[in-house]
Amino acid sequence: MVHLSFLFKDILMQNSEKCHQNVWILSGTSDGPNIAERLLNLNYVVFVSVISYKASLVYPKKDKLHIITGRIIDEFEVLQFLEKHQIDLIIDSTHPFAMQISANLAKGCEKSNKMLIKFERQSQVKSSINSRFVDDLKGIKISDIKNKNLLLAVGARSLNEVAEYYIKKEVNIFARILATEDSILNAFSSCIRNSNIAILNPSKFGQNKLEYFLCKNWNIDYILCRDSGSYSQMIWEHLSEITNIKLFKLRRPIEKRIKYFFSDYGNLIKFISKI
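If you count the sequence shown from 1, you need to add 617 to reach the working numbering.
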């Protein structure tokens with residue numbers, strides 16, 4: 618009788634658990650680990666795609682968590698991944714400006730009839746008289762910044778094109794890049810002087826001492842960044858508040874194809890658990 622009672626209890630526990638589902642998360646190091654941890658605690662099998670091995674180190678080591686490193690090139694690779702790993706649900710938590718991968722995910726999910734959820738963290742920064750939005754990376758009024766020192770913190774992919782545009786307009790260009798292979802290669806092969814490039818990852822604890830002294834050393838007048846809601850943006854916002862540095866923020870692109878959109882962890886997990 619004792620054995621039967623334990624068996625009956627075990628069956629009840631199994632039935633109360635979430636049915637087996639494979640969730641695929643595409644994210645960086647900011648939101649991905651938090652989302653993955655919450656889903657793992659609910660007994661989901663979680664696959665996470667990250668760009669680099671270094672990015673994978675911030676994720677917990679658990680049996681039901683599978684880390685895949687590398688870029689997803691096109692929608693064909695999305696379809697392959699969905700089929701190979703029998704994915705039931707996809708969470709796009711990529712950078713707000715990673716439009717290509719988001720577009721490929723949307724196309725792949727539509728063709729495979731899979732649910733796609735977009736998670737994008739809201740910007741927690743405060744409004745400031747020293748900051749304003751621009752709709753384009755080349756959208757700063759040149760008369761405001763001619764012969765001034767402009768720090769670019771816009772990502773390495775568009776760095777050379779943006780730098781070249783402002784240099785031709787007689788703006789002194791400096792750049793802060795992240796310590797990744799692609800960023801370093803793109804930056805040092807760009808038109809920006811090597812002495813005007815700094816390799817620096819932002820602190821997720823909100824510390825901005827290195828950025829502060831970097832701007833002070835270069836006598837930065839203006840900063841151009843993206844409205845990503847990232848730790849980096851928070852640092853630039855804070856610097857613009859405590860100094861005379863003016864901040865230009867590239868407005869986020871609007872994603873119109875996503876039906877399910879969340880910016881709060883709790884609401885996201887609550888929605889998923891009811892599917």
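Note that CB positions come from ideal geometry on N, CA and C, so glycine has one too. Remember, predicted model here, so these are calculated numbers, not experimental data.
inquiry  = Quick check on A792: does DSSP put it in helix, strand or coil?
reply    = Numbered from 1 along the sequence shown, position 175 holds the residue referred to as residue 792. DSSP places A792 in strand when its eight states are reduced to three.
ask   = Given S849, which residues of its chain have a CB within under 6 angstroms of its CB, disregarding the five upstream and five downstream residues?
value = For the purposes of this step, residue 849 is taken as the residue at position 232 of the sequence shown. Hits under 6 angstroms: P819.
query = Is L855 helix, strand or coil when you go by DSSP?
reply = If you number the sequence shown from 1, residue 855 lands on position 238. The sequence shown places His at residue 855, not Leu. H855: helix per DSSP, three-state reduction.
ask   = Would I668 pass as a contact of A653 if the rule is Cβ separation under 7 angstroms?
value = Taking the sequence shown and counting its residues from 1, the one referred to as residue 668 is at position 51. Taking the sequence shown and counting its residues from 1, the one referred to as residue 653 is at position 36. Cβ distance not < 7 angstroms, so I668 and A653 don't count as in contact.
message = Beta-carbon within less than 8 angstroms of L776's beta-carbon, same chain only, minus the 5 sequence neighbours each way: which residues are those?
response = Numbered from its first residue, the sequence shown carries residue 776 at position 159. Excluding positions up to five away in sequence, the list reads L769, A792, I794, N803, A804, S807, I809.
query = Considering only residues of the same chain and omitting the five flanking positions on each side of Y829, which have a CB-CB separation below 7 angstroms?
reply = Within the sequence shown, the letter at position 212 stands for residue 829. For Y829, where only same-chain residues beyond five positions count, the Cβ hits under 7 angstroms are L856.
query = Is S719 helix, strand or coil by DSSP?
reply = To locate residue 719, count along the sequence shown from 1; it is residue 102. The answer is helix: DSSP assigns S719 an H, G or I state.
request  = State the CB to CB distance for the pair K735 and F878, rounded to an integer number of angstroms; the pair is presumed to be in contact (CB under 8 angstroms).
outcome  = Locating residue 735 in the sequence shown gives position 118, counting from the first residue. Locating residue 878 in the sequence shown gives position 261, counting from the first residue. About 5 angstroms separates the two Cβ atoms, so the contact holds.
ask   = I think Y839 touches K863, with their Cβ atoms under 8 angstroms apart; what is that distance to the nearest whole Å?
value = Within the sequence shown, residue 839 is the residue found at index 222, counting from 1. Within the sequence shown, residue 863 is the residue found at index 246, counting from 1. Right, the Cβ-Cβ distance comes to about 5 angstroms (below 8 angstroms), so this counts as a contact.
Bounding residues of the beta strand (DSSP E) (the contiguous stretch that carries K735) = Taking the first residue of the sequence shown as position 1, residue 735 is located at position 118. Taken as a continuous stretch (DSSP letters only), the beta strand (DSSP E) holding K735 covers 732-736.
query = Within this structure, are the beta carbons of V779 and L754 separated by less than 7 angstroms?
reply = Indexing the sequence shown from 1 puts residue 779 at position 162. Indexing the sequence shown from 1 puts residue 754 at position 137. Yes, these two residues count as a Cβ contact at 7 angstroms.
key: Same chain, Cβ closer than 7 angstroms to N836, five either side skipped, listed in chain order   = Along the sequence shown, read from residue 1 onward, the residue named residue 836 stands at position 219. The answer, listed in chain order, is N766.
message = Once the 5 residues before and after E634 are set aside, which same chain residues still bring their CB inside 8 angstroms of it?
response = As a working mapping, residue 634 is identified with position 17 in the sequence shown. Confidence in E634 is poor, its pLDDT being 48 and thus under 50, which makes the residue's placement unreliable; the coordinate value appears in the next sentence. Same-chain partners within the cutoff: N660.
query = What is the residue span of the alpha helix (DSSP H) that K671 lies within?
reply = By 1-based counting over the sequence shown, the position of residue 671 is 54. 670-673 is the span of the alpha helix (DSSP H), which, as asked, contains K671.
inquiry  = What would DSSP say about D799, mapped onto helix, strand or coil?
reply    = On the sequence shown, residue 799 is found 182 positions in, with the first residue counted as 1. In this structure, D799 counts as helix in the three-state DSSP scheme.
ask   = For G710, which of helix, strand or coil comes out of DSSP?
value = As a position in the sequence shown, residue 710 is number 93, starting the count at 1. Here the sequence assigns Ser to residue 710, which means Gly is not the residue at that position. Correct three-state label for S710: strand.
Counted within 10 angstroms of its Cβ, other Cβ atoms place S760 as buried (16 or more) or exposed = Here residue 760 refers to the residue found at position 143 of the sequence shown. Exposed.
Among Y670, K671, P650, V675, the one whose alpha carbon lies nearest that of V663 = Residue 663 sits at position 46 when you count from the first residue of the sequence shown. When each option's Cα is compared against that of V663, the closest is P650.
ask   = Do the CB positions of S847 and E737 come within less than 7 angstroms of each other?
value = As a position in the sequence shown, residue 847 is number 230, starting the count at 1. As a position in the sequence shown, residue 737 is number 120, starting the count at 1. No, the pair does not count as a contact, with Cβ atoms beyond the cut-off.
query = Which of helix, strand or coil does DSSP assign to N639?
reply = On the sequence shown, residue 639 is found 22 positions in, with the first residue counted as 1. In this structure, N639 counts as strand in the three-state DSSP scheme.
P713, buried or exposed, once every other Cβ within 10 Å from all chains shown has been counted against 16 = Here residue 713 corresponds to residue number 96 of the sequence shown, with the count starting at 1. Looking at its Cβ environment, which holds 16 or more other Cβ atoms inside 10 Å, P713 is buried.
request  = On the DSSP bridge assignment, give the partners of V695 in chain order.
outcome  = Against the sequence shown, residue 695 aligns to sequence position 78. None, per the DSSP bridge assignment.
Bounding residues of the beta strand (DSSP E) (the contiguous stretch that carries F655) = Residue numbering aside, residue 655 sits at position 38 when the sequence shown is read from its first letter. It should be noted that the sequence gives Arg, not Phe, for residue 655. Run containing R655: none in the beta strand (DSSP E); it sits in the alpha helix (DSSP H), 649-658.
task = Taking only the alpha-carbon atoms, compute the straight-line gap between I685 and K763 and give it to the nearest angstrom.
result = Counting from one through the sequence shown, the residue named residue 685 turns up at place 68. Counting from one through the sequence shown, the residue named residue 763 turns up at place 146. Roughly 45 angstroms between the two C-alpha positions.
request  = Closer than 7 angstroms by C-beta to V788: which residues in its own chain qualify, once you throw out the five before and the five after it? Chain order, please.
outcome  = Residue mapping note: residue 788 aligns to position 171 of the sequence shown, counting from 1. Taken in chain order, the residues that qualify are I762, K763, K765, L767.
Local conformation of I685 per DSSP, three classes = Residue numbering aside, residue 685 sits at position 68 when the sequence shown is read from its first letter. DSSP places I685 in strand when its eight states are reduced to three.
ask   = Would S890 be called buried (16 or more neighbouring beta carbons within 10 Å of its own) or exposed?
value = In the sequence shown, the residue the question calls residue 890 occupies position 273. Its Cβ having fewer than 16 others within 10 Å, S890 is exposed.
request  = Would you kindly work out how many angstroms separate the C-alpha atoms of M851 and I746, rounded to a whole number?
outcome  = Residue numbering aside, residue 851 sits at position 234 when the sequence shown is read from its first letter. Residue numbering aside, residue 746 sits at position 129 when the sequence shown is read from its first letter. Those two C-alpha atoms are separated by around 15 angstroms.
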